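Sequential numbering from 1 applies to the sequence shown in the numbering used here. Built from N, CA and C at the ideal position, the CB exists for glycine as well. In this text the structure is predicted, and so the values were computed from the model without any measurement. Reading through the structure tokens given below for one structure.
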Amino acid sequence: MANDTTNKMRVEYADVEYSLKELKDIKYALDQSMIVAITDQQGKMIFVNDHFCKISKYTREELIGQDHRILNSGHHPKSFFRDMWRTIGKGKVWKGEICNRAKDGSRYWVQTTIVPFLNEQGKPYQYIAIRSDITAQKSMEQIRHLAYHDELTGLPNRRMFNASLAEAVESSARAKSKLALFFIDINRFKHLNDSLGHSIGDLFLTQVAERLTGLSGGNTIYRVGGDEFMITMQHADDYAKIKELAEAAIHLFSESFRVERHEYYATISIGISIYPYHGTTAEDLVKNADTAMYEAKQSVESSFRIYHPAMNANSEELLVLETKLRRAIEKNQLQLYYQPKIDLHTGKPIGMEALIRWFDAESGYVPPSIFIPLAEERGLISAIGDWTLLTACRQIKAWQSEQLPSLRVAVNISANQLMQGTFVQKLQKTLNDTGVPPHLLELEITENSMMQNTQQLMQTLVQLKAMGVTIAIDDFGTGYSSLNYLKQFPIDVLKIDQSFVRDLAVDGPAFVAAIIQLAHALNLRVVAEGVEQKIELRLLRDHGCDFVQGYLYSKPLPPDEFKRYIKNGF
Ligand code: C2E
Ligand code: MG
Ligand code: MG
Numbered sequence: 001m002a003n004d005t006t007n008k009m010r011v012e013y014a015d016v017e018y019s020l021k022e023l024k025d026i027k028y029a030l031d032q033s034m035i036v037a038i039t040d041q042q043g044k045m046i047f048v049n050d051h052f053c054k055i056s057k058y059t060r061e062e063l064i065g066q067d068h069r070i071l072n073s074g075h076h077p078k079s080f081f082r083d084m085w086r087t088i089g090k091g092k093v094w095k096g097e098i099c100n101r102a103k104d105g106s107r108y109w110v111q112t113t114i115v116p117f118l119n120e121q122g123k124p125y126q127y128i129a130i131r132s133d134i135t136a137q138k139s140m141e142q143i144r145h146l147a148y149h150d151e152l153t154g155l156p157n158r159r160m161f162n163a164s165l166a167e168a169v170e171s172s173a174r175a176k177s178k179l180a181l182f183f184i185d186i187n188r189f190k191h192l193n194d195s196l197g198h199s200i201g202d203l204f205l206t207q208v209a210e211r212l213t214g215l216s217g218g219n220t221i222y223r224v225g226g227d228e229f230m231i232t233m234q235h236a237d238d239y240a241k242i243k244e245l246a247e248a249a250i251h252l253f254s255e256s257f258r259v260e261r262h263e264y265y266a267t268i269s270i271g272i273s274i275y276p277y278h279g280t281t282a283e284d285l286v287k288n289a290d291t292a293m294y295e296a297k298q299s300v301e302s303s304f305r306i307y308h309p310a311m312n313a314n315s316e317e318l319l320v321l322e323t324k325l326r327r328a329i330e331k332n333q334l335q336l337y338y339q340p341k342i343d344l345h346t347g348k349p350i351g352m353e354a355l356i357r358w359f360d361a362e363s364g365y366v367p368p369s370i371f372i373p374l375a376e377e378r379g380l381i382s383a384i385g386d387w388t389l390l391t392a393c394r395q396i397k398a399w400q401s402e403q404l405p406s407l408r409v410a411v412n413i414s415a416n417q418l419m420q421g422t423f424v425q426k427l428q429k430t431l432n433d434t435g436v437p438p439h440l441l442e443l444e445i446t447e448n449s450m451m452q453n454t455q456q457l458m459q460t461l462v463q464l465k466a467m468g469v470t471i472a473i474d475d476f477g478t479g480y481s482s483l484n485y486l487k488q489f490p491i492d493v494l495k496i497d498q499s500f501v502r503d504l505a506v507d508g509p510a511f512v513a514a515i516i517q518l519a520h521a522l523n524l525r526v527v528a529e530g531v532e533q534k535i536e537l538r539l540l541r542d543h544g545c546d547f548v549q550g551y552l553y554s555k556p557l558p559p560d561e562f563k564r565y566i567k568n569g570f
């Protein structure tokens, strides 16, 4: 830009004098650090600013004189741009969200306003397009939708169910009201699938979903598994209301289903559990509704059962396990295994995750997914967490003294552990005592735990970051974190939950691609966990994933074997 004297300005390559109003538009856009382009009547670019070059990854020389369509990503139908041209052709302002393609093939989203510049006859002679980058926001929206809905029926899925039920339990607790959970299972669905084929089975399920949706009356319906549906009813304070809904659901199945040329009569079994009588946690409520559902299955016809404690009998087992775990901690019988993380560009290990292992003399291998939640509930997590950090740090030191290449070790930190006021000091002490440089330590925090007590979490993360440790969000995609938190928290890495990697080969890469796009828009690196198959690896590489971890490369290994793995060139 130059020549700003007589309220007229010449824009580079745009040999035109602008009116005062036009100059104001241009100045505003440039001042606001927007992405700005000016095109001629045909859509040829005559001016682009630095932000435009940066996001599109083209140089100014490559863009000037080019048709704007070189940025077309193929995402929008032709009619989208036809409508846009119709609007601006008439001299009106157009606003919308556009997905463009950068020079390197990657896509980005821009919130766009196009203002026509009009000549004396009121006809547009140029257009200024003012944009802001909304890639991160769009990816987040897409992630949320794909993650929380079932593709076949469009109903909220199991993930959504888990998140919502936990919330519903909390709000019922606060309001001191009852919550009823209906577990609906279609009888002999497997038989239908096996005899008429999966595509008929799918069509049938879609119809079931439609019928159930009609029933909802303000209650949410989820598809949580093949032929399993859940309904949550809040304010279920009246037993008659619960019974009414169960009977209405059963009534829906009194008519036959017509699927292509088949007529099919289906029956259902419903199990019901009620908060707080049959459990005060989401898990207990689901477990007990499930038990009640199996009771209902005893009947040949459609029926429902409300949970009764006599249907179940086993919290003693957990007590026994807790006692054993306490002993294992005291006797130092826990172990850490290490699983390599591989750089997708070089194929070489760049770090590892430490995973806790417990082999009990009687019970055998007890997976962490069982004993970690138990430890959290029974106040043992702090002792386990301290031990894990110390052991991992000592291991780093031991490998360093054996001249093994220095690789970063990621340790899983449970939310409770992180939220103890003393966590940062304790960690600092462990690093000092063992002499481990902070950059060799990464902390993995699950996405779900990010949602608790965000103020305090933020402070803790900032302190950790200042110490120099790396922070990763684990099991990403399964939680409810907001874009704002992701932007604000000092995070370095997102780990895509393995359930999404598992779905890759079946459902296609849309979801994983959206996470990678989001992460990169926020300057984060991405690890995909649970990679078992070559096809998963290929799709992840195609979509720009940075690192992978999974059985395809190696299972978690005890320290000696891990050392061999690294030494033998893996
Ligand atoms: P996570 O942090 O998401 O760990 C990844 C899990 O995926 C591990 O399960 C790992 O063994 C498993 N895995 C890795 N590659 C593959 C694969 O290719 N296929 C399959 N099917 N699985 C794979 P693991 O060891 O059973 O740990 C489960 C969870 O327990 C961990 O999930 C983590 O949340 C928690 N955990 C493990 N160790 C610790 C610990 O020291 N402290 C805390 N607080 N939590 C821990
Ligand atoms: Mg982890
Ligand atoms: Mg994980």
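Query: Closer than 6 Å: residue 474 CB and nearest ligand 1 heavy atom; Result: yes
Query: Collapsed DSSP secondary structure at residue 262 in the structure displayed; Result: strand
Query: Start and end residues, beta strand (DSSP E) containing residue 420; Result: Run containing residue 420: none; DSSP gives neither H nor E here.
Query: Whole-angstrom C-beta distance between residue 264 and residue 189, which should lie under 8 Å; Result: 11 Å between Cβ atoms; not a contact.
Query: Top-ranked residue by Cα proximity to residue 431, from 399, 390 and 455; Result: 390
Query: Exposure of residue 29, with buried meaning 16 or more beta-carbon neighbours within 10 Å; Result: buried
Query: Runs of beta strand (DSSP E) wholly within the stretch 298-355 (minimum 3 residues, chain order); Result: 303-306 and 334-343
Query: Same chain, Cβ closer than 8 Å to residue 300, five either side skipped, listed in chain order; Result: 267
Query: Straight-line gap, residue 313 to residue 321 (C-alpha atoms, nearest Å); Result: Annotation note: pLDDT 45 at residue 313 (below 50); position unreliable, no value reported.
Query: Rounded distance between the beta-carbons of residue 462 and residue 490, thought under 8 Å; Result: 6 Å
Query: Three-state class that DSSP yields for residue 506 in the structure shown; Result: helix
Query: Continuous beta strand (DSSP E) stretch holding residue 547: start and end; Result: 547-549
Query: Any 3 or more C-beta pairs closer than 8 Å across the stretch 186-201 and the stretch 133-148; Result: no
Query: Reference residue 114; option with closest CA among 35, 221 and 208; Result: 35
Query: Three-state secondary structure assigned by DSSP to residue 469; Result: coil
Query: Backbone secondary structure at residue 563 - three-state DSSP; Result: helix
Query: Cβ pair residue 134, residue 111 closer than 7 Å; Result: yes
Query: Stretch-stretch touch, CB-based, cutoff 8 Å, three pairs: the stretch 328-343 with the stretch 552-563; Result: yes
Query: Delimiting residues of the beta strand (DSSP E) encompassing residue 397; Result: It is not in any beta strand (DSSP E) - residue 397 instead sits in the alpha helix (DSSP H) that spans 381-401.
Query: Beta-carbon proximity of residue 526 to residue 545, cut-off 7 Å; Result: yes
Query: Selected residue, minimal CA-CA separation from residue 354, among 456, 387, 361 and 362; Result: 387
Query: N-terminal and C-terminal residue of the beta strand (DSSP E) that residue 528 is part of; Result: 525-529
Query: Continuous alpha helix (DSSP H) stretch holding residue 230: start and end; Result: Unbroken run through residue 230 is the beta strand (DSSP E), 228-234; no alpha helix (DSSP H).
Query: Close-in-space but distant-in-sequence residues of the same chain around residue 366 (CB under 6 Å, 5 per side omitted); Result: 358 and 360
Query: Residue 477 Cβ short of 6 Å to ligand 1 heavy atom set; Result: no
Query: Reduced DSSP category for residue 557 - H, G, I as helix; E, B as strand; rest coil; Result: strand
Query: 6 Å CB neighbourhood of residue 116 in its chain, flanking five on each side removed; Result: 88, 91, 124 and 127
Query: The stretch 65-85 touching the stretch 151-169, judged by at least three CB pairs closer than 8 Å; Result: no
Query: Distance cut-off 6 Å: residue 141 Cβ against heavy atoms of ligand 2; Result: no
Query: Beta-bridge partners of residue 109, as assigned by DSSP; Result: 99
Query: Residue 51 - DSSP class collapsed to helix/strand/coil; Result: helix
Query: Residue 127 - containing alpha helix (DSSP H), residue span; Result: Unbroken run through residue 127 is the beta strand (DSSP E), 124-133; no alpha helix (DSSP H).
Query: Contact test: residue 402 Cβ vs ligand 3 heavy atom, cutoff 6 Å; Result: no
Query: Reference residue 565, options 444, 93, 349 and 465, closest by Cα; Result: 349
Query: Residue 474 burial status per 10 Å Cβ neighbour count (16 or more: buried); Result: buried
Query: Beta-bridge pairing of residue 442 - partner residues as DSSP gives them; Result: 410 and 470
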